[in-house]
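Asker:
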Amino acid sequence: MKKSLIFLGIDNDSAILLSRPHIECFDVRISLKGDGIFLEGSEVLQAFEAMRLIFGNKVMFLDSLNECIIAILRENKKKVTTAESCTGGLLAYQFTSISGASDVYDGGIISYANDIKHRILGVSEENLKRYGAVSEVVVSEMLIGVLKVFGADYAIATSGIAGPGGGSIEKPVGTIFIGVQKLGEFPVIERYLFGGSREEIQKTSSQKALELLAKIL
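So the number in this note's numbering is just where the residue sits in the sequence shown, counting from 1, plus 2.
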């Protein structure tokens, strides 16, 4: 079995260093590949439980990240909302696909058109014209707007070019801006360049958005 992990509030190198003494008795290997941590072997689940004793809910399996995020939000009595452009509702699905998600997720906005970004989320028309919808500035305003609309504690926003058309030299297909924000704090916004089909880019963007949110919980 091979599983991908994410650690919250700790860098990957430190996470591996701290984990090894507690899992060396299991038939597993922990490794860092790119920016991901992988646990591989015949006793992955047992090793993971040992790691949870040390890190608590600060360590998660990536393939169940949405469930872990919902559990953390529920435990802390917090709510999250979403403002989506290029992901077109996939982020909302990540939450609503889990039973009981209504405890932490009231809803979100699919602001695919610039008019919706402006009228519903309050994104500046000037910034839309000057920087374009696929920009850090616009994603920042999407975060502010959706937090205000839903009165949530956390927000996620996405805007990008999923393709196959619409790209440019400056912003090629696969250019995605993803932002997360905790109410009362500064946003964290990252620019990515993902490859693959339109569907693959949308799915990758949705997963990366959850990872970014997990980092600020």
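Beta carbons: idealized from backbone N, C-alpha and C, even for Gly.
Contact defined as beta carbons within less than 8 Å: I believe TYR8 pairs with LEU64. What is the distance between those atoms, to the nearest angstrom?
Answerer: Start at 1 with the first residue of the sequence shown, and residue 8 comes out as number 6. Start at 1 with the first residue of the sequence shown, and residue 64 comes out as number 62. According to the sequence displayed, residue 8 carries Ile and not Tyr. Their Cβ separation, rounded to whole angstroms, is 6 Å, which keeps ILE8 and LEU64 in contact under 8 Å.
Asker: Please tell me whether ILE111 and VAL148 are closer than 7 Å, where the distance is taken between their beta carbons.
Answerer: Translated into positions along the sequence shown, residue 111 becomes position 109. Translated into positions along the sequence shown, residue 148 becomes position 146. Result yes, Cβ atoms of ILE111 and VAL148 sit closer than 7 Å.
Asker: Excluding the 5 residues preceding and the 5 following GLU51 in the sequence, name in chain order all residues of the same chain whose CB lies nearer than 7 Å to its CB.
Answerer: Numbered from 1 along the sequence shown, position 49 holds the residue referred to as residue 51. None.
Asker: Is the distance from the Cβ of ALA157 to the Cβ of THR83 below 7 Å?
Answerer: As a first step, residue 157 must be located in the sequence shown, where it is residue number 155. As a first step, residue 83 must be located in the sequence shown, where it is residue number 81. Yes, the Cβ-Cβ distance between ALA157 and THR83 is below 7 Å.
Asker: Would a C-beta distance cut-off of 7 Å place ALA159 and GLY176 closer than the cut-off?
Answerer: Taking the sequence shown and counting its residues from 1, one reaches residue 159 at position 157. Taking the sequence shown and counting its residues from 1, one reaches residue 176 at position 174. Against a cut-off of 7 Å, the Cβ pair of GLY176 and ALA159 comes out as no contact.
Asker: Where SER126 and LYS217 are concerned, what is the direct C-alpha to C-alpha distance, given to the nearest angstrom?
Answerer: As a first step, residue 126 must be located in the sequence shown, where it is residue number 124. As a first step, residue 217 must be located in the sequence shown, where it is residue number 215. So the two alpha carbons sit approximately 28 Å from each other.
Asker: DSSP three-state call for MET62: helix, strand or coil?
Answerer: Sequence index remark: in the sequence shown, residue 62 carries index 60 (1-based). The answer is strand: DSSP assigns MET62 an E or B state.
Asker: Under 8 Å Cβ to Cβ from ILE252, same chain only, skipping five residues before and after it: list those, please.
Answerer: What the structure shows of the chain is the stretch from 3 to 219, and residue 252 is not part of that stretch, so it cannot be assessed.
Asker: So which of LEU67, GLU143, GLY102 has the shortest CA-CA distance to SER113?
Answerer: Here residue 113 corresponds to residue number 111 of the sequence shown, with the count starting at 1. Nearest of LEU67, GLU143, GLY102 to SER113, Cα basis: GLU143.
Asker: Please give the ranges of any beta strand (DSSP E) in the stretch 70-98, keeping only runs that are unbroken, at least 3 residues long and fully inside the region.
Answerer: Runs of the beta strand (DSSP E) inside the stretch 70-98: 82-86.
Asker: Between GLN183 and LEU92, which are expected to be in contact by the criterion C-beta below 8 Å, what is the C-beta distance as a whole number of angstroms?
Answerer: To locate residue 183, count along the sequence shown from 1; it is residue 181. To locate residue 92, count along the sequence shown from 1; it is residue 90. About 19 Å; that fails the 8 Å criterion.
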